[in-house]
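Chains A and B, in that order, are what the protein sequence lines are. In terms of the numbering used here, the first sequence opens at residue 46 and continues consecutively. In terms of the numbering used here, the second sequence opens at residue 11 and continues consecutively. The beta carbon of each residue, even a glycine, is placed where N, CA and C say it ideally should be. Here the structure is a predicted model, which means the values were calculated and not measured.
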Amino acid sequence: MTEALLEVTDLKKHYPVRAGVLRRQVGTVHAVDGVSFALGIGETLGLVGESGCGKSTVARSVLRLVEPTSGQIRLDGEDITHLSKTALRPHRRSMQIVFQDPFASLNPRMTAGDIVGEPIAVHGLAPGKELDARVARLFEQVGLRPDQMGNFPHQFSGGQRQRICIARALALEPRLIVCDEPVSALDVSIQAQVINLLIDLQRQHGFSYLFIAHDLAVVAHISHRVAVMYLGRIVEIADKDELFRNPRHPYTQALLASVPIANPLAKKLAPLVDGDVPSPVNPPSGCAFHTRCRFAMERCKTERPALLDAGDGHQVACLLNDGTGRGR
Amino acid sequence: MADKTDLVLDVKNLKTVFFTNSGLFKAVDDLSFSVRRGETLAIVGESGCGKSVTALSLMRLVPDPPGRIVGGSVALEGTDLLALDESEMRSVRGNRISMIFQEPMTSLNPVMRIGDQIVEAVRLHRNISSKEAQGIAVEMLRLVRIPEPARRAREYPHQLSGGMRQRAMIAMALACRPALLIADEPTTALDVTIQAQILALILDLQKELGTGLVLITHDLGVVAQTAQRVIVMYAGRKVEEASVEALFAAPKHPYTRGLMASIPAVPASGVAAQARLNEIPGTVPSLVRLPQGCAFAPRCKLAIKRCEAEYPPLSDWGGGHLAACWRAEEVAEVA
Chain A
46 MTEALLEVTD LKKHYPVRAG VLRRQVGTVH AVDGVSFALG IGETLGLVGE
96 SGCGKSTVAR SVLRLVEPTS GQIRLDGEDI THLSKTALRP HRRSMQIVFQ
146 DPFASLNPRM TAGDIVGEPI AVHGLAPGKE LDARVARLFE QVGLRPDQMG
196 NFPHQFSGGQ RQRICIARAL ALEPRLIVCD EPVSALDVSI QAQVINLLID
246 LQRQHGFSYL FIAHDLAVVA HISHRVAVMY LGRIVEIADK DELFRNPRHP
296 YTQALLASVP IANPLAKKLA PLVDGDVPSP VNPPSGCAFH TRCRFAMERC
346 KTERPALLDA GDGHQVACLL NDGTGRGR
Chain B
11 MADKTDLVLD VKNLKTVFFT NSGLFKAVDD LSFSVRRGET LAIVGESGCG
61 KSVTALSLMR LVPDPPGRIV GGSVALEGTD LLALDESEMR SVRGNRISMI
111 FQEPMTSLNP VMRIGDQIVE AVRLHRNISS KEAQGIAVEM LRLVRIPEPA
161 RRAREYPHQL SGGMRQRAMI AMALACRPAL LIADEPTTAL DVTIQAQILA
211 LILDLQKELG TGLVLITHDL GVVAQTAQRV IVMYAGRKVE EASVEALFAA
261 PKHPYTRGLM ASIPAVPASG VAAQARLNEI PGTVPSLVRL PQGCAFAPRC
311 KLAIKRCEAE YPPLSDWGGG HLAACWRAEE VAEVA
């Protein structure tokens, strides 16, 4: 990997669970429970996992939209974990987010042009006339027509709305864009258009993506490296090719085996895991996956595996084979 | 096609329209298909293509107003459901034909125990005691592989996980051993490992009970792994129908082809870093203002003058592979 733009070290986010009339704390949700990774300049890191694994909480913590319980977030070498609101403001420009639902994340009473221009105006980067020209350029970059600037969000289709969200994220020329399930609300044919747009924009501008999705295939197409999360922790992280060709964590293997393949000749719908994801309120002891893992040993119930290098930067948190996970 | 007696469902020229403020639109237009005993037919398409309205039409659950079934016939085991009055339909619905929905939480009654909901469905159609029905409910929950079924039967929907709720829905839908089960995006709201479990379960039970299955989905991966035959819908019409093998080997309609090319696949052995996908340009047309000719023509690379003027008929390209395209013969050659 090249120089790191974003470095996350031992990030934790716990939420109290309160109950009863006195709202006493009865438990803790371990939403994110010790996550570390680095993201290089111009790199895309895919973060995959099932619902409740903490991937969105990681995204929001990185942007300081939620306050992490502990851990460190460094952007461009500077620790932004504890910066005050005002001190954080200049950094906000360099990190943007695109949300999942383009219906909920656009103000229905603002025109598309105003939505895209707002961040530029807020940061005072372009006076009146110039602003319009900049917004028009952004519209063209994301494949919208500048004459649509006066339209309201409801006049756009889902895919076009997601393009507006992307234009808004691009407006401040950020260095990091966090994409939280940006295509999961879109139809298949539109999904491809948006993925291609994201890839093209990164090639032109050289920013980094932290790309969060539950769809392994989408992640495979856009990412350079992929991290797999389970119950608040990263269980495996590797270069994309390596991860898909040679998954080592039993959970990653089960995840890959569960994806239905669009080829009737490759029939192999064989679920490799049973049961549901346990609650993050009282996550299982030891390796959190041991309750569903077909290869779990006695040690897995008590010992928590660390994320260790299994060769060539392929890191896996599994006790099998001396901490290198399960070969196929 | 196999002989007639084997047919569970035979839909002919089904037409469902909606009357809205912005005009009349044909959600399902001239749709015909059939399902045999124990067969899985998948209906695929993107949002607004009419696949869910098709399901609701078969169940006679289209909200009226604004919607109405204005033509065609839906023969279930030889009886035309569209000719039944509402009370006759009630005795068929949930009994001979039943349905599972995408969101199990919104389709289960939140203030009623799981077991009681199954009992209610069973006793509506069968003249048995409450006790016998309780037994059937527990047996059904065991059949869908819910651990400790007797205890779970006494629980409320919120006490179950998403996957468990969908299992309970399936148990309820199959409790009367219907001839036809309609599953409308049954796994879309579920995580991928749970999706695999639920799909495997539906297929196992179908094989065991010999139920005909109509599976509605947007996911071509799910289609390939579950169905024997496939219908592709676009803007309310069937644009292609084929056996699953024929469809994936050589799609005849440019829309099907585009759809297949645009889905990202999990690489079996490495994909170039950041592979661009093939995309279908443009968006799905509004059903209120459909073009005169082929609805896909504005997005189609192969479109010619004729496509804009005349809607292509569904023609048979051999072995029951139907496609509605003027240029179906050339689709394989041009990308």
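For chain B, find out if any of its Cβ atoms is closer than 8 Å to the Cβ of residue i; answer yes or no.
| i | result |
| --- | --- |
| A/E95 | yes |
| A/F252 | no |
| A/A83 | no |
| A/V263 | yes |
| A/P316 | yes |
| A/D225 | no |
| A/I244 | yes |
| A/A258 | no |
| A/V280 | no |
Given a cut-off of 8 Å on the beta-carbon distance, is the pair residue i and residue j in contact?
| i | j | result |
| --- | --- | --- |
| A/P113 | A/L56 | yes |
| B/V224 | B/I192 | yes |
| B/V72 | B/T26 | yes |
| B/V54 | B/V18 | no |
| B/K262 | B/A338 | yes |
| A/I165 | A/L176 | yes |
| B/P295 | B/A305 | yes |
| B/L91 | B/V80 | no |
| A/V271 | A/Y296 | no |
| B/K22 | B/G88 | no |
| B/L297 | B/G246 | yes |
| A/A237 | A/G91 | no |
| A/L151 | B/T203 | no |
| A/Q298 | A/R248 | no |
| B/G303 | B/E318 | yes |
Would you say residue i reaches chain A, if we count a Cβ-Cβ gap shorter than 8 Å as a contact?
| i | result |
| --- | --- |
| B/A252 | no |
| B/R286 | yes |
| B/T203 | yes |
| B/M109 | no |
| B/G268 | yes |
| B/G329 | no |
| B/L332 | no |
| B/E98 | no |
| B/G280 | Reliability of the predicted coordinates at B/G280 is poor, the pLDDT of 47 falling under 50, and the value obtained from them is presented with this limitation in mind. Answer yes: the Cβ-Cβ gap between B/G280 and chain A drops below 8 Å somewhere. |
| B/A234 | yes |
| B/A275 | yes |
| B/A342 | no |
| B/S272 | yes |
| B/V294 | yes |
| B/L153 | no |
Considering only the alpha carbon of each residue, which of the options lies closest to residue i?
| i | options | result |
| --- | --- | --- |
| B/A37 | B/F43, B/S67, B/Y166 | B/S67 |
| A/V239 | A/G204, A/D225, A/A166 | A/G204 |
| B/I208 | B/D95, B/R337, B/R177 | B/R177 |
| B/R164 | B/V154, B/V129, B/G172 | B/V129 |
| A/K346 | A/F334, A/G356, A/D354 | A/F334 |
| A/L84 | A/S129, A/H250, A/P227, A/I282 | A/I282 |
| B/P120 | B/Q169, B/P76, B/P75, B/R161 | B/Q169 |
| B/G329 | B/I110, B/E255, B/S140 | B/E255 |
| B/P76 | B/K22, B/D39, B/N31 | B/N31 |
| B/F258 | A/L242, A/N308, A/L221, A/G277 | A/N308 |
| A/N327 | A/A76, A/V66, A/Y254 | A/A76 |
| B/D10 | B/D194, B/D16, B/A260, B/N105 | The structure shown does not extend to residue 10 of chain B, since chain B spans only 11 to 345, so no value can be given for it. |
| A/E226 | A/V318, A/A104, A/N241, A/R248 | A/A104 |
| A/D260 | A/P350, A/H168, A/M274, A/A214 | A/M274 |
| B/R161 | B/G172, B/R267, B/A147 | B/A147 |
With residue i and residue j assumed to form a contact (beta carbons below 8 Å), what rounded beta-carbon distance in angstroms separates them?
| i | j | result |
| --- | --- | --- |
| B/A234 | A/P316 | The pair is not a contact, with the Cβ atoms about 16 Å apart (cut-off 8 Å). |
| A/T336 | A/P323 | 6 Å |
| A/A212 | A/L170 | Between A/L170 and A/A212 the Cβ distance is about 15 Å, and since that is not below 8 Å, they are no contact. |
| B/P188 | B/R175 | That pair is no contact at about 20 Å. |
| B/A181 | B/V132 | With 8 Å as the limit, B/A181 and B/V132 do not qualify as a contact, their Cβ atoms being about 11 Å apart. |
| A/V107 | A/V223 | 6 Å |
Any heavy atom of the ligand MG within a distance shorter than 7 Å of the CB on residue i?
| i | result |
| --- | --- |
| B/R316 | Absent from the structure shown: the ligand MG. Ligands present: none. |
query = Name the residues in the segment 210-231 of chain B whose C-beta lies less than 8 Å from a C-beta of chain A; which are they?
reply = A210, L213, H228, D229, L230, G231
key: Residues of the segment 293-311 of chain A whose Cβ lies closer than 9 Å to any Cβ of chain B, in chain order   = Y296, A299, L300, L301, A302, S303, V304, P305, I306, A307, N308, P309, L310, A311
message = Short of 9 Å Cβ to Cβ, which residues in the segment 171-196 of chain B face chain A?
response = Taking 9 Å as the Cβ-Cβ cut-off against chain A, the residues of the segment 171-196 of chain B that qualify are S171, G172, G173, M174.
message = Under 7 Å, CB to CB, which of the residues in the segment 18-47 of chain B have a partner in chain A?
response = none
key: Contact residues within the segment 187-212 of chain A, judged by C-beta distance below 7 Å to chain B   = S202, G204
Interfacial residues, the segment 46-65 of chain B to chain A, with Cβ spacing under 7 Å = E56, S57
ask   = In the segment 133-167 of chain A, which residues sit with their C-beta less than 7 Å from some C-beta in chain B, listed in chain order?
value = Listed in chain order, the positions of the segment 133-167 of chain A with a beta carbon within less than 7 Å of a beta carbon of chain B would be empty, since no residue qualifies.
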